[in-house]
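Residue numbers (our numbering): -7 to 556. Beta carbons: idealized from backbone N, C-alpha and C, even for Gly.
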Amino acid sequence: MSTITETARSHYEKGVPYEIAEPEASLYQVLEETARFYPNRPATQYFGQELTYSQLKTEVDRAANVLRLAGVRRGDAVSIALPNCPQHVIVFYALMRIGAIAAEHNPLAPISEIEQQIKRHRGKVAVVWEKSVSKFAFGPGHQLQTVFTVDITRYMPVTKKTMLALPIAPARKARDQMRLAAPAGTLSWDDKVRAASPIDPSTPHAIGSDIAAILHTGGTNGVPKSVPLTHKNIGSNANQNLSWVYRLHEGAENFFSLLPYFHSFGLCFFLVCAVKYGACQIMLPKFDVDMALAAHSRTPVTFFVGVPPMFDRIEKRAREKKIDISSIRYAISGAMPLPADVAERWEKSTGGYIIEGYGMTETSPTMCGSPMTNQRRHGALGLPFPSTQMRLGDLNDPDVEPAEGEPGEILVKGPQVFSGYLDADEENAQAFTKDGYFRTGDIGMVDDGFVYLADRRKELILSGGFNVYPTQVEEAIRSMPGVKDVAIVGMPVPGGEEVTAALVLDEGVENITLEDVRAWAEKKISHYALPRSLAIVSELPHSQIGKIMRRVVKDRLMLERGGK
């Protein structure tokens, strides 16, 4: 056992185990068991419309048959490009039922990004939001052969769907945000599932070692990669998370499912943890503070996993509108540091606890958290989770521990840790130490078993809960006419960082605006990665080998802005 883990366990809350059970069953069997114990318990609530666990399982079994008839077999990857909606839960568990792989995509990602992801996982079938279907129209000869389109209003209450159909401007605007006529050649997922019979019970299940999901990340160096996670990886992390918040009551909780399911944080906590505990997921297709609080007012939320801007905005608006949020007893914040004032306000308004969790896509995702007690330490990544070994590696040699008190690379080992990137032998050779620890690329320090982040992954920008990789943004902008050189940095703003572009213009080019840059780059990178501020500079600092020194760029810009 590592020294960090051994010391950390002395701070575990009584009731939290040192080790968790590593599941051998498939994730579908998690749903199967919950539907057996809590058949009439609401599994999802979507704009007020509920779907019970019994109904959810029936829909999943029908959907599994639709996928099987489409030629999907055990081990095949199927693209999912959906916002949070009941169909996303149904598709995911249908794939788990037949032993296929849920290859998750951001439905708002640019077509070039999606195409590269599909090339890596080699999926031939996709289940896609109507508004994103054009991004999956690759033409004849492409490996993607079948595209199902999803109407995300399908599980809304009849009254709300009727309102969307009204011939008035507000209804048209809301309808246009959610629906788009599907092109010829695509199949209606909802019609197919409605008409299908349940899958033959004798159809084989997956096993724990099978790949359950493929998520996409820039890894520790910003190069796009695909991360395969097994049923055991995700199931183990679900057990770790739930053992950490062990005071939750099975079959009685309401989870705020506001983080996207295509993100590892949302996938594990909502698609799996919520189902495992028989919780009701109160979901929205996108985060909207007023819609979220309206949903909470209908059915009080008891557990919330989110990112700092969500907690900040919900607490402020609830206070302004005098909405009671004291039912939210436990909350976990991740993806970026949680400001102390936000944590303080949240706990004052709810009377409950909020802690920070630390994780990565490669670890399914969580590996650390503060105890859900008065011993929590705001600002710390926390304690290594049950069944998780953690140590620091010397910055020059990860197989050697740094001197006591010195920072080092955070290294982790546990049942939630993946086995390697998809088709990336070179990266995989560098991703693990000789004794099997995963190299996070994050630099940390340890104080009495609590892990602290000394420096975020080199030059990674955290914007709105998403990782933004400067190299990708620079490459998207560098080819823009009139741009001679570019550097992308994250400038500190309340709640995170702002993606900022520093440009050197070609001689004779008088001006380029922020709107010009965003319009050029939006076809190549995700919307959340687009620059939100722009600086025109005469030159950019380069190292001796020609690499832009982003840290110097950032320091100069901060100096010009008066250090704000």
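TODO: Classify Glu393 as helix, strand or coil using the three-state DSSP reduction.
DONE: coil
TODO: Check whether the Cβ atoms of Ile317 and Gln37 sit closer than 7 Å, and answer yes or no.
DONE: no
- [ ] In angstroms with no decimal places, state the Cα-to-Cα distance between Leu549 and Glu490.
- [x] 12 Å
TODO: Would you mind stating whether Met382 and Ser(-6) have Cβ atoms separated by less than 7 Å?
DONE: Cβ distance < 7 Å, so Met382 and Ser(-6) count as in contact.
TODO: Look up Lys405 in the DSSP assignment and say whether it is helix, strand or coil.
DONE: Three-state DSSP puts Lys405 in a strand.
Open item on the list: So, under 8 Å CB-CB, Asp202 and Thr222 are touching, yes? Tell me the CB distance rounded to an integer number of Å.
Closed with: 6 Å
- [ ] For Thr505, collect the residues of the same chain with a Cβ closer than 8 Å to its Cβ; drop the 5 residues on either side in sequence, then sort them by chain order.
- [x] Leu526
TODO: Please list, in chain order, all residues of the same chain as Arg524 whose beta carbon is under 6 Å from its beta carbon, the five residues on each side excluded.
DONE: Glu490 and Val491
Open item on the list: On the CB-based measure, 16 or more other CB atoms within 10 Å of its CB, does Gln464 come out buried or exposed?
Closed with: Its Cβ being crowded by 16 or more others within 10 Å, Gln464 is buried.
Task: For Gln79, the three-state DSSP class (helix, strand or coil) - done: helix
TODO: Evaluate contact between the region 347 to 354 and the region 366 to 385, counting only Cβ atoms and requiring at least three cross-stretch pairs below 8 Å.
DONE: With the rule of 3 Cβ pairs closer than 8 Å, the region 347 to 354 counts as touching the region 366 to 385.
Open item on the list: What does the alpha-carbon distance come out to for the pair Trp121 and Asp53?
Closed with: Our two residues, Trp121 and Asp53, have alpha carbons roughly 21 Å apart in a direct line.
Task: Classification of Leu551 by the beta-carbon crowding that lies within 10 angstroms, buried from 16 upward - done: exposed
TODO: Rounded to whole angstroms, what's the CA-CA distance from Val496 to Gln232? Just pull it up for me.
DONE: Between the alpha carbons of Val496 and Gln232 lies a gap of roughly 49 Å.
Task: CA-to-CA distance, Val544 to Asp182, given in whole angstroms - done: 53 Å
TODO: Quick one: residues in its chain with C-beta nearer than 6 Å to the C-beta of Gly361, no 5 flanking neighbours on either side, listed in chain order?
DONE: Trp236, Ile347, Gly349 and Gly374
Task: Uninterrupted beta strand (DSSP E) stretches inside the region 74 to 149 (no shorter than 3 residues) - done: List check, beta strand (DSSP E) in window: 93 to 96, 117 to 121 and 138 to 142.
Task: Run of the beta strand (DSSP E) containing Leu43, from where it starts to where it stops - done: Leu43: member of the beta strand (DSSP E) spanning Gln41 to Thr44, first to last residue.
Open item on the list: Do Val125 and Ala173 count as a contact pair if the criterion is CB distance below 7 Å?
Closed with: With contacts defined as CB atoms closer than 7 Å, Ala173 and Val125 fail to qualify as a contacting pair.
Open item on the list: On a Cα-Cα basis, can you pick out the residue from Leu19, Trp338 and Tyr444 that is closest to Asn229?
Closed with: Scanning Leu19, Trp338 and Tyr444 for the CA closest to the CA of Asn229 turns up Leu19.
TODO: Drop a sphere of 10 angstroms on the beta-carbon of His134, count the other beta-carbons inside from all chains shown, and report buried for 16 or more, exposed for fewer.
DONE: exposed
- [ ] State the beta-bridge partners of Ile274 as determined by DSSP.
- [x] According to the DSSP secondary-structure assignment, Ile274 is paired through a beta bridge with Gln37 and Phe248.
Open item on the list: Going by DSSP in three states, Tyr429 sits in which element: helix, strand or coil?
Closed with: coil
Open item on the list: What ranges does the beta strand (DSSP E) occupy inside the region 448 to 489, keeping only unbroken runs of at least 3 residues that lie completely in it?
Closed with: 453 to 455, 458 to 460 and 475 to 485
Open item on the list: Here's the rule I'm using: 16 or more other beta-carbon atoms within 10 Å means buried, otherwise exposed. How should Ile387 be labelled?
Closed with: It is Leu, not Ile, that sits at residue 387 in the sequence shown. Result: exposed.
Open item on the list: Does Leu549 come out as helix, strand or coil in the three-state DSSP assignment?
Closed with: If DSSP states are grouped into helix, strand and coil, Leu549 belongs with the helices.
Task: Those runs of the beta strand (DSSP E) which lie wholly inside the region 317 to 355 and span at least 3 residues - done: 322 to 325 and 345 to 351
Open item on the list: Buried or exposed for Val150, going by 16 or more other Cβ atoms inside 10 Å?
Closed with: exposed
Open item on the list: Can you tell me where the alpha helix (DSSP H) holding Gly227 begins and where it ends?
Closed with: Counting along the chain, the alpha helix (DSSP H) containing Gly227 begins and ends at His223 to Trp236.
- [ ] Please classify Pro363: does DSSP put it in a helix, a strand, or coil?
- [x] coil
Task: Nearest-angstrom Cβ-Cβ length linking Thr432 and Leu454, presumed shorter than 8 Å - done: Rounded, the Cβ-Cβ distance is 15 Å, inconsistent with contact.
Open item on the list: I need the straight-line Cα distance from Gly488 to Pro301, nearest angstrom please.
Closed with: 8 Å
Task: Three CB pairs or more closer than 8 Å across the region 281 to 288 and the region 252 to 259 - done: no
Open item on the list: I need the straight-line Cα distance from Arg28 to Ile103, nearest angstrom please.
Closed with: Distance between the alpha carbons of Arg28 and Ile103: 41 Å.
- [ ] Look up Ser180 in the DSSP assignment and give the residues it is bridged to.
- [x] Thr141
TODO: Within 10 angstroms of the Cβ of Val485, are there 16 or more other Cβ atoms? Answer buried if so, exposed if not.
DONE: exposed
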